[in-house]
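In what follows, a single structure is set out as structure tokens and then discussed.
Numbering (the numbering used here), first residue to last: 47 to 184.
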């Protein structure tokens, strides 16, 4: 520390020294407060970045599930079309049956395909409901 002339030091009163010390303490307290705020800020930023990553992952998961439901719906629609084609073919074959047994077998196949269509339509409704739920959650 620099040496101070003893005459100048005696000229500063105790009261002035106390005020200077008080001002110095206020400055040090303000510096400590800034350091504390600065110290917590990176943690808050990291927490927000982690939250953003979590939400991004969640959105990606929802979008993937929605895509899966969309592809399942498309698959069921294709199955419905295939069943309708089979029904038309079986009905055409019914016109050319030779005996009652062939007719009954074709009737059962038509009934089975109609049940397949109903089941596919039910699955489509379920997938649409799940897709809508996921879209709302997003």
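We put the CB at the ideal spot given by N, CA and C, even for glycine.
For residue 177 and residue 115, believed in contact at Cβ under 8 Å, the rounded distance: Stepping through the chain shown from its first residue, residue 115 is reached at position 69. Stepping through the chain shown from its first residue, residue 177 is reached at position 131. The beta carbons of residue 115 and residue 177 sit about 4 Å from each other, so the pair counts as a contact at 8 Å.
Excluding the five sequence neighbours on either side, which residues of its own chain have a C-beta within less than 6 Å of the C-beta of residue 163, listed in chain order? Here residue 163 corresponds to residue number 117 of the chain shown, with the count starting at 1. The residues are 126 and 129.
Output needed for residue 133: all residues of its chain with C-beta closer than 6 Å, excluding positions within five of it in sequence on either side, in chain order. Walking along the chain shown from the start, residue 133 turns up at place 87. Excluding the 5 residues flanking it on each side, residue 133 has same chain C-beta neighbours closer than 6 Å at 156 and 159, in chain order.
DSSP three-state call for residue 174: helix, strand or coil? Position 128 of the chain shown, counting from 1, holds the residue named residue 174. Looking at residue 174 - three-state DSSP - the assignment turns out to be helix.
Once the 5 residues before and after residue 47 are set aside, which same chain residues still bring their CB inside 8 Å of it? Counted from its first residue, the chain shown places residue 47 at position 1. Only weak support exists for where residue 47 lies, its pLDDT of 45 falling under 50; the coordinates are left without a value.
Residue 130 - containing alpha helix (DSSP H), residue span: On the chain shown, position 84 is the one that residue 130 refers to. 60-140 is the span of the alpha helix (DSSP H), which, as asked, contains residue 130.
Residue 135 versus 146, 105 and 152, residue with shortest Cα-Cα distance: Walking along the chain shown from the start, residue 135 turns up at place 89. When only C-alpha atoms are compared, the closest one is 152.
Quick check: the stretch 96-116 against the stretch 167-184, are at least 3 beta-carbon pairs closer than 8 Å? As far as the Cβ criterion goes, the stretch 167-184 touches the stretch 96-116, which means the pair count is three or higher.
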